[in-house]
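Engineer: If you scroll down you'll find the structure; I have some questions about it.
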Amino acid sequence: MFTFLLIVQTVIAATLVGVILMQRSEGGGLGVGGSSSGFMTARGAADFLTRSTAVLGGLFVTLSIALAAYAGVQRQPTKVDTSLANTVVPVPAAPTVPLAGQPATGTAPVTANQAAPVQNQQGPVPLAQ
């Protein structure tokens, strides 16, 4: 039902845009002149478009309120998944990497973030004060 009303709302909105764009800003309606003995004279077209705009605008507003009310009634309560609450993920141990030039066994291993600086590289530069 909601989808049907939403499609009707879209059709009304598109028709309303079309009717508004057909009107002349000066109130001439459709921008066509012609003889006064035709089916749609300039004055008749302006009156028709003005009435159509009012009716479509009223339908659009009424349908918008109805859709908002319908959506509020049909709303389901929010469901929060609490299955992962209070669980702790174990942190894996950092892999050990031997320093360059040292045997893989023997002295205490050095972790990856404690590797020795490369030769010809200076230590940290002190900040200027």
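Heads up: the sequence shown is residues -5 to 123, going by our numbering. Just so you know, even glycine gets a beta-carbon here, dropped at the ideal spot from N, CA and C. All values derive from a computational prediction rather than experimental measurement.
Hey, quick one: how far does the alpha helix (DSSP H) through A79 stretch, first residue to last?
Structural biologist: No alpha helix (DSSP H) contains A79, which DSSP labels as neither H nor E.
Engineer: May I ask you to report which of helix, strand or coil DSSP gives T4?
Structural biologist: The answer is helix: DSSP assigns T4 an H, G or I state.
Engineer: By DSSP, does R69 sit in helix, in strand, or in coil?
Structural biologist: In the structure shown, R69 sits in coil (DSSP, three-state: anything other than H, G, I, E or B).
Engineer: Buried or exposed, going by whether 16 or more other CB atoms sit within 10 Å of the CB of L43?
Structural biologist: Answer is buried; the Cβ neighbour count reaches 16.
Engineer: To the nearest angstrom, report how far apart A65 and V2 are at their CA atoms.
Structural biologist: Each residue's Cα considered, the two are about 15 Å apart.
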